[in-house]
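Novice: Just dropping this structure here.
Residue numbers (the working numbering), protein chains in the order written: chain A, 98 to 562; chain B, 91 to 283.
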């Protein structure tokens, strides 16, 4: 008799090439995405003189450093121009498919890769980017790796891994209207902590998760890393299959049927045992925003920021004091009284078409009272949003509609929040300096960011009806 | 990779939790090539400028911080910044998973201690600290604390082993896997190039 298995166990077992007595397994990698930042790894394999083992399973995307304006001309910043050119040269030399700056499919790797149907249930997916966990939304084992591991995958199409522990995060019931995957995930991270899932593979389950669209599931899995998780995943179902059917790189015909038969097995057994289980009631989740400098410092929008003097643990009190000081907030301040200086709608977390629709719904017929940037998750999302009339809503509201890239989420391309300014952002990290030196970030859903743009302060989107 | 057995040196104390890889090396510096100058000059750049953390000093090769050290971005440049400055060991109650793995690839020891022991180390006088990887102990004056590390990583660090060499020796196993897998999962190949 077979022991009950989790979805993660099944994904793991299918990819073990060999196992060592010390507990490490050599895993086969089905998809490997590289970007401009992967130049260290290409340098490592060049230094060894080894070729790319499987260019057919490797895909390049220009996203981290790319400019979001003036894309018709040359890249103005010489170091960025060099990195983009280097990605082009490295992928060409190794015969790797590239979604480069001039490709209509270009976008953020975790948006482009999934919308092209490159990510499928049951696959292992890696990339030198921590938000690779996004691809787990399809029931794939997807995780971020460092440059040495990128070099290892380039050279061998495998990775040595120690099996993580298994954790299930269940969200049962129905969320209130206006509550998104972002609110669910910020609530989870606030509850378990930014290292709450360290060393674990997370499976998201429960009726509220099943009810999410693929876009919502990607937002959820994307932020698994912000809870410390090695990866996050949702078992494939009719929603994932409907999303994938007909995508350019997804199987078709007889291979599609074989895939469906295979994917039917990708679920946790009812009696499967997890190393850790946490559960949440969907109905209790409110629109949630971060107030501090770690994603775990998140609260419902109708709450007040903490008062460090009322925190008994001296280390936690000091951390709260440091966060309030950096964020320029007073102890006990009502979140809805916090005035913002700008908004950013973008990133691999929340810049898919559904996200742009949600933000546009709030902004339609209204004006933003602060400046803001909207950077779609991919160039295809950009075109679709223009066709749907969303782009016009953003520009008529006074926001800048720009090209696709990592942009102001990480500031590598020069799209930065000026020092001391406060940004309502649909991104994933509110770390000190993440959006620029001295920048203050509040994380929230696209609709909440849009509402903040209209009111000029953090706002409860439920008041917009 | 340079093997690590035991190191005695000055320790940088960072009494801060959740120091992420963006703070170890701010993103804007990564456009620069790592060679020839190294990334050590960017280590903790903004945190030190803001006064939240002391700037690293020459001669320090061991670092202690509070929980969730190295969370966030997978950028291995965070470890390059540490290694290029000269750091050989980082001590904290918990680490970002990817960061810890990146440390091992670069010969830096991620030593996990209890929260209480991290506080004891943060409270020590400025004396030389000894990290003994085989014995899994950290000693500073009369404070001696144990640390945890994955045994696989411990062996790898003690020997200075490199992963790619080990894997290229697995060629037969990889060939057997791909032959088997092509039959079992023909749908898994990307449809078109």
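Where is the CB? At the ideal position from N, CA and C, for every residue including glycine.
(1) Is the shortest distance between the beta-carbon of residue 283/B and the beta-carbons of chain A less than 7 Å?
(2) Go through the stretch 311-347 of chain A residue by residue and report every complete run of the beta strand (DSSP E) that reaches 3 residues or more, in order.
(3) If you follow the alpha helix (DSSP H) that residue 478/A is part of, which residue opens it and which one closes it?
(4) Please confirm whether residue 97/B has its beta-carbon closer than 7 Å to some beta-carbon of chain A.
(5) Opposite residue 110/B in the DSSP bridges: which residues?
(6) Pick from 130/A, 233/A and 202/A: whose alpha carbon is nearest that of residue 244/A?
(7) Taking only beta carbons into account, state which residues of the stretch 328-346 of chain A come closer than 8 Å to chain B, listed in chain order.
(8) Starting from residue 277/B, follow its DSSP beta bridges and name the residues at the other end.
(9) By DSSP, does residue 109/A sit in helix, in strand, or in coil?
(10) Return the CA-CA distance between residue 226/A and residue 170/A, expressed in angstroms with no decimal places.
(11) Taking 7 Å as the cut-off, decide whether the C-beta atoms of residue 174/B and residue 141/B are in contact.
(12) Identify whether residue 173/B lies in helix, strand or coil by the three-state DSSP scheme.
(13) Taking Cβ-Cβ distances shorter than 7 Å, what residues in chain B pair up with residue 507/A?
(14) So residue 92/B contacts chain A; which residues on that side make the cut at Cβ distance below 7 Å?
(15) By DSSP, does residue 511/A sit in helix, in strand, or in coil?
(16) Determine whether the Cβ of residue 195/B lies closer than 7 Å to any Cβ atom of chain A.
(17) Would you tell me roughly how many angstroms separate the C-alpha atoms of residue 108/B and residue 162/B, rounded to the nearest one?
(18) Taking the CB atoms as reference points, tell me whether residue 268/A and residue 384/A lie closer together than 7 Å.
(19) For residue 247/B, tell me which candidate among 197/B, 139/B, 255/B and 165/B has the shortest Cα-Cα distance.
(20) Please state the DSSP three-state secondary structure of residue 506/A.
(21) Classify residue 293/A as buried or exposed, calling it buried when 16 or more other Cβ atoms lie within 10 Å of its own Cβ.
(22) Let me know if residue 254/A comes out buried or exposed under the rule of 16 or more other beta-carbons within 10 Å of its beta-carbon.
(23) The stretch 227-254 of chain B: which residues have C-beta closer than 8 Å to a C-beta of chain A, in chain order?
(24) Let's see if you can read the secondary structure: which residues bound the beta strand (DSSP E) around residue 157/A?
(25) Going by beta carbon distance, what residues of the same chain come within less than 8 Å of residue 496/A, once the five residues before and after it are set aside?
(26) What does residue 125/A touch in chain B if you count any residue whose Cβ is under 9 Å from its own?
(27) CA-CA distance, residue 321/A and residue 355/A?
(28) Is there a C-beta anywhere in chain A that falls below 7 Å from the one on residue 127/B?
(29) So, with DSSP's three-state summary, where would you put residue 269/B?
(30) Using a Cβ-Cβ cut-off of 8 Å (strictly less than) and excluding sequence neighbours within five positions of residue 283/B, which residues of its own chain qualify?
(31) Residue 266/A and residue 242/A: beta carbons closer than 7 Å?
(32) Check each residue of the stretch 107-132 of chain A: if its Cβ is closer than 9 Å to any Cβ of chain B, include it; give the result in chain order.
(33) In chain B, which residues lie less than 8 Å from residue 162/A when you measure between Cβ atoms?
(34) Is the beta carbon of residue 78/A less than 7 Å from the beta carbon of residue 267/B?
(35) Along the chain, where does the alpha helix (DSSP H) that runs through residue 489/A open and close?
(36) In chain order, what residues of the stretch 102-115 of chain B put their CB closer than 7 Å to some CB of chain A?
Specialist: Let me lay it out:
(1) Residue placement at residue 283/B cannot be trusted, given a pLDDT of 49 that sits under 50; the coordinates are not used to answer.
(2) 328-330
(3) 476-484
(4) no
(5) 161/B
(6) 130/A
(7) Cβ contacts with chain B: 345 and 346.
(8) According to DSSP, which records beta bridges pairwise, residue 277/B is partnered with nothing at all.
(9) helix
(10) 28 Å
(11) no
(12) helix
(13) Residues of chain B passing the Cβ test: 117.
(14) Ordered by position in chain A, no residue passes the 7 Å Cβ test against residue 92/B, which lies about 14 Å from the chain.
(15) coil
(16) yes
(17) 9 Å
(18) no
(19) 197/B
(20) helix
(21) buried
(22) buried
(23) 240, 241, 242, 245, 253 and 254
(24) 155-158
(25) Contacts found: 440, 442, 460, 465, 468, 469, 470, 471 and 550.
(26) Simply 264, 267, 268 and 271.
(27) 30 Å
(28) no
(29) Secondary structure of residue 269/B (DSSP, three-state): helix.
(30) Only weak support is given to the placement of residue 283/B: the predicted model assigns it a pLDDT of 49, under 50, and the value that follows is read from those uncertain coordinates. If we look at residue 283/B and ignore the five residues flanking it on each side, it has no Cβ neighbours.
(31) Going by C-beta atoms, residue 266/A is not nearer than 7 Å to residue 242/A.
(32) 111, 112, 113, 114, 115, 117, 119, 120, 121, 123, 125, 127 and 128
(33) 121
(34) The structure shown does not extend to residue 78/A, since chain A is modelled only from 98 to 562, so the question has no answer here.
(35) 487-493
(36) 107, 108, 110, 112 and 113
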